[in-house]
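*Asks:* Numbering (the numbering used here), first residue to last: 40 to 224. Glycine included, every Cβ here is placed at the ideal spot set by N, Cα and C. First the structure, which I've put down as structure tokens, then a few questions once you've had a look.
Okay, here's the thing in structure tokens:
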């Protein structure tokens, strides 16, 4: 299996690959044919990487500016979450999940105003994938929901967290609600 690496080029850059004519513009991500790819966020000032998505973990500049960056595709991905087509839903979910730390602050308000329990549960699952402790209290509040799926996803996401606070909330919930059918054990 051949690994394809990507190079982020500005939209106004003229392509030079294969002697392309002037006037052809880079589409955004362009296969770099095995060349080392630099971070698209900091142009390689922090560390070289092999894929755009890997940057969120490995590059300190991403963590520094993560709260102010919203991907232009974010609204499209949210629309895909609402799709009745499971493949479209999965595409949207995976796109959001891969960059959850970048987008979680935009997902939380959507979740808080969401009235549909199904959609709220999807948002809770996404929020649960965010790193850090910041959203543990939010997930804990969702354990009080009257909707089973909302409680179930909040429980599962808290159960998967490796923080003492999350483990304590899960243990307390299991003691108070021993008859829930989604308890891990």
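How long is the line joining the alpha carbons of residue 194 and residue 178, rounded to whole angstroms?
*Replies:* Within the chain shown, numbered from 1, the residue matching residue 194 stands at position 155. Within the chain shown, numbered from 1, the residue matching residue 178 stands at position 139. Whole-angstrom Cα-Cα distance: 8 Å.
*Asks:* Buried or exposed for residue 125, please, with buried defined as at least 16 other CB atoms from any protein chain shown within 10 angstroms of its CB.
*Replies:* Counting from 1 along the chain shown, the entry for residue 125 is found at position 86. Exposed, because fewer than 16 other Cβ atoms sit within 10 Å of the Cβ of residue 125.
*Asks:* Looking only at its chain, what residues have a beta carbon closer than 7 Å to the beta carbon of residue 160, apart from the 5 residues adjacent to it on each side?
*Replies:* Taking the first residue of the chain shown as position 1, residue 160 is located at position 121. Cβ neighbours of residue 160 beyond the five flanking positions: 188, 189 and 192.
*Asks:* Beta carbon of residue 109, beta carbon of residue 132: below 8 Å?
*Replies:* Mapped onto the chain shown, residue 109 falls at position 70. Mapped onto the chain shown, residue 132 falls at position 93. Contact flag unset, no.
*Asks:* Does DSSP classify residue 176 as helix, strand or coil?
*Replies:* Start at 1 with the first residue of the chain shown, and residue 176 comes out as number 137. It is helical.
*Asks:* Where do the N-terminal and C-terminal ends of the alpha helix (DSSP H) with residue 141 fall, by residue?
*Replies:* Taking the first residue of the chain shown as position 1, residue 141 is located at position 102. Element bounds for residue 141: 139 to 152.
*Asks:* By the three-class DSSP mapping on this structure, what secondary structure does residue 110 have?
*Replies:* Walking along the chain shown from the start, residue 110 turns up at place 71. Here residue 110 sits in coil by DSSP.
*Asks:* So, are the CB atoms of residue 150 and residue 168 less than 8 Å apart?
*Replies:* Looking up residue 150 in the chain shown gives position 111. Looking up residue 168 in the chain shown gives position 129. Contact flag unset, no.
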